[in-house]
C-alpha cells in the first residue's frame with residue numbers, strides 16, 4: 001500500500017473514510033501525506049486538518065517486529081519527485097489493512113494466522129488521544145492528557 005504525492009504522475013494518493021457506518025460512499029475524512037517544509041501526514045475533515053503527524057525524516061526499509069516474527073516493511077521516501085509512505089507484508093500468511101473510520105480515526109488491523117486466527121489492531125491508531133487532535137489547545141496552548149483540564153497556557 002502506498003500513500004502520497006508523485007510528481008511524475010501528478011497523483012496524490014489518499015485514504016478516504018466512508019460516509020457513515022452503513023454507507024461506503026466517500027466520506028468527509030481523508031488521510032494522506034503532504035509536503036510542506038518537512039513531510040507530514042494529515043487527517044483532514046472537508047479539507048481542514050484534524051490531525052498532523054510529527055515531521056518525517058527519510059527512512060528506508062524500517063521493519064516492524066512483533067516478537068521474533070518480522071512481517072511488515074515500511075518505507076518513507078522524501079525527494080523532489082515524491083513524498084510517499086509505503087508498507088508491505090513480508091510474510092504471506094499475514095494480511096494488513098489500514099482503515100479510516102467514518103469519524104476520522106485511522107486504524108491498522110493485521111490478520112494473525114494460526115493458532116490465533118484473528119484480526120489484531122496494532123498501535124498505529126491516529127489520533128492516539130484527545131491531545132492528538134490538530135490545534136486542540138490553540139496556538140500557544142499545551143495539551144496534557146494527565147491533567148484536567150487538558151489545555152494549559
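Residue numbers (the UniProt record's numbering): 1 to 153. For every residue, glycine included, the Cβ atom is placed at its ideal position computed from N, Cα and C. If you're wondering where the values come from, they're calculated on a predicted model, not measured in any experiment.
Inter-residue CB distance, residue i and residue j (contact presumed, cutoff 8 Å)
i	j	result
residue 111	residue 95	4 Å
residue 45	residue 28	5 Å
residue 90	residue 2	Rounded, the Cβ-Cβ distance is 16 Å, inconsistent with contact.
residue 20	residue 102	5 Å
residue 93	residue 115	The pair is not a contact, with the Cβ atoms about 12 Å apart (cut-off 8 Å).
Same chain, Cβ closer than 6 Å to residue i, five either side skipped, listed in chain order
i	result
residue 131	143, 145
residue 82	6
residue 137	143, 151
residue 77	84
residue 69	In this prediction, residue 69 has a pLDDT of 43, which is less than 50 and means its spatial position is unreliable; what the coordinates show is noted afterwards. Counting only Cβ-Cβ distances below 6 Å, and skipping sequence neighbours, we find nothing.
residue 129	145
residue 60	At residue 60 the pLDDT is 43, less than 50, meaning the model places this residue with poor confidence; the figure from the coordinates comes in the next sentence. Closer than 6 Å at the Cβ level, and outside the excluded window around residue 60, lie 75.
Residues near residue i in its chain [Cβ-Cβ closer than 7 Å; skip 5 each side]
i	result
residue 49	42, 134
residue 17	27, 28, 29, 100, 101, 102, 104
residue 140	153
residue 53	40, 41
residue 38	55, 56
Buried/exposed call for residue i, threshold 16 Cβ in 10 Å
i	result
residue 97	exposed
residue 66	Reliability of the predicted coordinates at residue 66 is poor, the pLDDT of 42 falling under 50, and the value obtained from them is presented with this limitation in mind. Counting Cβ neighbours within 10 Å, residue 66 comes out exposed, since fewer than 16 surround it.
residue 4	buried
residue 154	Residue 154 falls outside the range modelled here, since the chain spans only 1 to 153, and no answer is possible.
residue 147	exposed
C-beta neighbour in chain B for residue i, strict 8 Å
i	result
residue 15	The structure shown contains no chain B; it holds only a single protein chain.
Those residues which DSSP pairs with residue i across a bridge
i	result
residue 84	4, 77
residue 32	42
residue 52	42
residue 161	Residue 161 cannot be examined here, being either before or after the span of the chain that is shown, 1 to 153.
residue 143	151
residue 130	Answer is none; residue 130 lacks a bridge partner.
Touch test, the region 28 to 44 against the region 2 to 13, Cβ-Cβ under 8 Å, three pairs minimum: Yes, they touch.
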